[in-house]
Structure formats: structure tokens, C-alpha cells
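Undergrad:
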Amino acid sequence: MDNNVLGLLKLRIKRGINLAIRDSNSSDPYVVVNIGHEQKLKTRVVKNNCNPEWNEELTLSIRDVRVPICLTVFDKDTFFVDDKMGDAEIDLKPYTQCVKMKLDTLPNGCAIKRVQANRTNCLAEESSCIWKNGKVLQEMILRLRNVESGELVVEIEWGGCSRLQRSIRGTNVNCYPFNIQCMNQTTL
Ligand SMILES: [Ca+2]
Ligand SMILES: [Ca+2]
């Protein structure tokens, strides 16, 4: 791993909801994931389905948590350029703040942070960062922009040991002096 990489992020692209129609009655959707101009990954195409289940895990190298992850949905076409079906961004900042916390003593299934849907993010509804089996997970429903309809259900997970965590745990500096309490216990 090169020195500028903070760590690896697993991005699970689970499914699409009520995606736009870009053929005669349906679409053949796939998702393209970009971070800056450096990384570009794709899911497979699910044919003829506006509520596709991809359930794919993509691994991204994160160099700067301020750079959002961009997702763009396309309809695969055979004889024409693929049609756009909207786009959304994932803001990593609330999630990475949770990854930096010392959470080892929290009970499994604990919600660490809630992120509200607002005008500056693409969340369709409130999303929680959950402590589960020793990892921080955040599932989110993203409302697609620049399209008449469609949402994406995704989940992010920080992949193991990384500079992001070591930068806090190596020193004894508490960069995030939150009073961490369990906000709720979800049934997982
Ligand atoms: Ca089409
Ligand atoms: Ca098509």
C-alpha cells in the first residue's frame, strides 16, 4: 500500500429501489464508483430490473476522507451509449470520526452516531454508524440526483488496521473527546 493511503474501505452496493426506466419498460442497471479521478470501479449489470440486487463488495483505497465517493447509475445498452440513471455521493467524514474512536468496550449492535438527511448530503433518511462484531458499519439509503426517481442501498466498512486508526491509537491523544454512549441497541 502506498504511503498516502489511509486505509481500505469496503463499499457494499446492495440494491437499487425504484430506479428510472431507460429502455421501453425497464432498465439494465449497473453502478460506477469513482473517488476523484484515480479510482473507478463497477458493479455487474442486472438485466431488466429497476429494483436490482447487486450485493457486491468493492474495495476502495482512501487517501483523503474529505473527498466524497461518487456513485453513478447507468442503463446498459447494446447499440447505444449507456443511459444515465442518476448519481449520488457518500460523505465519509461522520463515519471516519466513528472509526477513530476507541469503542472496544461498547456492546454489540450499539448505534454510535446518527447522521441526519439534509440538503448537503444524499441521504434519503437518517443513517446510523453501528458497532457490530468489532467493526463500525454504516448502512445508508442514498437518493439519486439528476434523475426522476431512484435510491441506492449501500453499506461501508473500514477494512482492518490502517493509518487512520493508528494515528489515534499510537499516541494517547483523544482527538474525538466524545462521551460515547450507546444511543440504542438494534437487533442484529
Ligand atoms: Ca436504454
Ligand atoms: Ca438497456
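First residue of the sequence shown: -8, per the working numbering; consecutive thereafter.
Built from N, CA and C at the ideal position, the CB exists for glycine as well.
Buried or exposed: where does residue 111 fall if 16 or more other Cβ atoms within 10 Å of its Cβ makes it buried?
TA: Counting Cβ neighbours within 10 Å, residue 111 comes out exposed, since fewer than 16 surround it.
Undergrad: Skipping 5 residues on each side, what residues in its chain have a beta carbon closer than 8 Å to that of residue 43?
TA: Cβ neighbours of residue 43 beyond the five flanking positions: 6, 7, 10, 20, 37.
Undergrad: What first and last residue would you give for the alpha helix (DSSP H) that runs through residue 89?
TA: Segment 84 to 90, the alpha helix (DSSP H) holding residue 89.
Undergrad: Pick out every residue whose C-beta is nearer than 5 Å to a heavy atom of ligand 2: which are they, in chain order?
TA: The filter returns 14, 19, 66, 68, in chain order.
Undergrad: Could you name the residues of the same chain whose beta carbon sits closer than 7 Å to that of residue 67, not counting the 5 residues immediately before and after it, in chain order?
TA: These residues qualify, in order along the chain: 19, 21, 36, 73.
Undergrad: Output the boundary residues of the beta strand (DSSP E) element that contains residue 52.
TA: Where residue 52 is concerned, the enclosing beta strand (DSSP E) stretches over 44 to 53.
Undergrad: Could you pull the start and end residues of the beta strand (DSSP E) that residue 61 belongs to?
TA: Element bounds for residue 61: 60 to 66.
Undergrad: Which one of 85, 80, 94, 125 has the shortest CA to CA distance from residue 145?
TA: With distances taken between Cα atoms, residue 145 lies closest to 80.
Undergrad: For residue 12, which of helix, strand or coil comes out of DSSP?
TA: Note: residue 12 maps to coil in three-state DSSP.
Undergrad: Got a sec? Which residues, its chain only, sit under 6 Å from residue 4 by beta carbon, not counting five neighbours each side?
TA: If we look at residue 4 and ignore the five residues flanking it on each side, its Cβ neighbours are 22, 34, 45, 47, 145.
Undergrad: Hey, would you say residue 138 sits closer than 8 Å to residue 87, going by beta carbons?
TA: No.
Undergrad: Excluding sequence positions up to five away, which residues of its chain have a Cβ less than 8 Å from the Cβ of residue 107?
TA: Around residue 107: 114, 117.
Undergrad: Between which two residues does the beta strand (DSSP E) containing residue 120 stretch?
TA: Segment 118 to 123, the beta strand (DSSP E) holding residue 120.
Undergrad: Just to check my reading of the structure: residue 150 and residue 0 have Cβ atoms closer than 8 Å, yes? What is that Cβ distance to the nearest angstrom?
TA: Indeed, because the Cβ distance is near 6 Å, the residues count as touching under 8 Å.
Undergrad: Just grab the DSSP bridge partners of residue 144 for me.
TA: Residue 144 is bridged to 6, 132.
Undergrad: From the DSSP output, in three-state form, read off residue 36 for me.
TA: Note: residue 36 maps to coil in three-state DSSP.
Undergrad: Whole angstroms is fine: what's the gap from residue 41's alpha carbon to residue 125's?
TA: One C-alpha to the other measures close to 35 Å.
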